[in-house]
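One structure below.
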Amino acid sequence: DQQVKQNSPSLSVQEGRISILNCDYTNSMFDYFLWYKKYPAEGPTFLISISSIKDKNEDGRFTVFLNKSAKHLSLHIVPSQPGDSAVYFCAARTGGGADGLTFGKGTHLIIQP
Amino acid sequence: EPEVTQTPSHQVTQMGQEVILRCVPISNHLYFYWYRQILGQKVEFLVSFYNNEISEKSEIFDDQFSVERPDGSNFTLKIRSTKLEDSAMYFCASRGDTGHQPQHFGDGTRLSIL
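This is the structure we're talking about:
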């Protein structure tokens, strides 16, 4: 039961270019979406989030876009830097009293010099 | 920057033994969570804890699991009788109380069941 799907296991991008990571979801009850970055041997690090009442949220080099009708969100990183190489997880929650996060499988982003 | 800390970083235990994983959430956070990630699989939600009681748990969180906040700073996950399939990374997370707040994760405990 994959309620949150990240269909690209890996993505390779040149340094300085834009990285676009995609995420699809099936549960229309999700009301809050998050992106996490994970290095090996570390826990997920929060990057950016978006509420379902918005369609865009920006923080520095990171922008998250939400298309509720398509049940799709994306994370844009521009410009991409070598330190951005990591696994990126999309996560979502349904809100209210139930706020355990549902994660995607992750996309391994590789920034090439 | 405040962070969630977890101990130990690696725990090796014989099958059938009890294990306790420890977490110190961020000090002013009120919501606490445990997740696990079996090698090669997704991060999976186990349980959330608020106001000294479980607020939500997944199907994974069966009777062999329990959580406790024994004092004002620690948050523990106990597995009563470990099985081989409990081998995984276990992540603790916490979040603040206001509106849409992200969960912040510790670096995890690698649990290896022999």
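So the protein lines, in turn, are chains A and B.
All residue numbers for the first sequence refer to this note's numbering, where the first residue is 166 and numbers rise by one.
All residue numbers for the second sequence refer to this note's numbering, where the first residue is 88 and numbers rise by one.
We put the CB at the ideal spot given by N, CA and C, even for glycine.
If you're wondering where the values come from, they're calculated on a predicted model, not measured in any experiment.
| Query | Result |
| --- | --- |
| Could you tell me whether the Cβ of residue 214(A) comes closer than 9 Å to any Cβ of chain B? | yes |
| With respect to the beta strand (DSSP E) encompassing residue 231(A), which residues constitute its N-terminal and C-terminal limits? | 227-232 |
| Use the C-beta contact count for residue 167(B): other C-beta atoms within 10 angstroms, 16 or more gives buried, fewer gives exposed. | exposed |
| Leaving out five residues on either side along the sequence, give the residues of the same chain with a beta carbon under 7 Å from the beta carbon of residue 89(B). | 113 and 114 |
| Roughly how many angstroms separate the alpha carbons of residue 155(B) and residue 269(A), rounded to a whole number? | 28 Å |
| Report back the beta-carbon spacing between residue 256(A) and residue 274(A) to the nearest angstrom; my notes put them in contact at under 8 Å. | The Cβ separation is near 16 Å, so there is no contact. |
| What are the start and end residues of each continuous beta strand (DSSP E) run of 3 or more residues lying completely inside the segment 103-137 of chain B, in chain order? | 106-111, 118-124 and 130-137 |
| Where residue 143(B) and residue 264(A) are concerned, what is the direct C-alpha to C-alpha distance, given to the nearest angstrom? | 8 Å |
| Nearest-angstrom Cα distance between residue 193(A) and residue 232(A)? | 12 Å |
| Leaving aside the five residues before and after residue 170(B) along the sequence, list all residues of the same chain whose C-beta is less than 7 Å from its C-beta, in chain order. | 102 and 200 |
| Who are the neighbours of residue 170(A) on chain B, taking C-beta pairs under 9 Å? | Within chain B, no residue comes near residue 170(A); the closest Cβ sits about 10 Å away, beyond 9 Å. |
| Return the first residue and the last residue of the beta strand (DSSP E) that residue 256(A) is part of. | 251-258 |
| Have a look at residue 234(A) and residue 136(B) and give me their C-alpha separation to the nearest angstrom. | 33 Å |
| Which value, in whole angstroms, describes the spacing of the CA atoms of residue 164(B) and residue 147(B)? | 13 Å |
| Using a Cβ-Cβ cut-off of less than 8 Å, list which residues of the segment 196-211 of chain A approach chain B; keep chain order. | 197, 199, 201, 206, 207, 208, 209, 210 and 211 |
| Just to confirm, are residue 132(B) and residue 267(A) a CB contact at a threshold of 9 Å? | yes |
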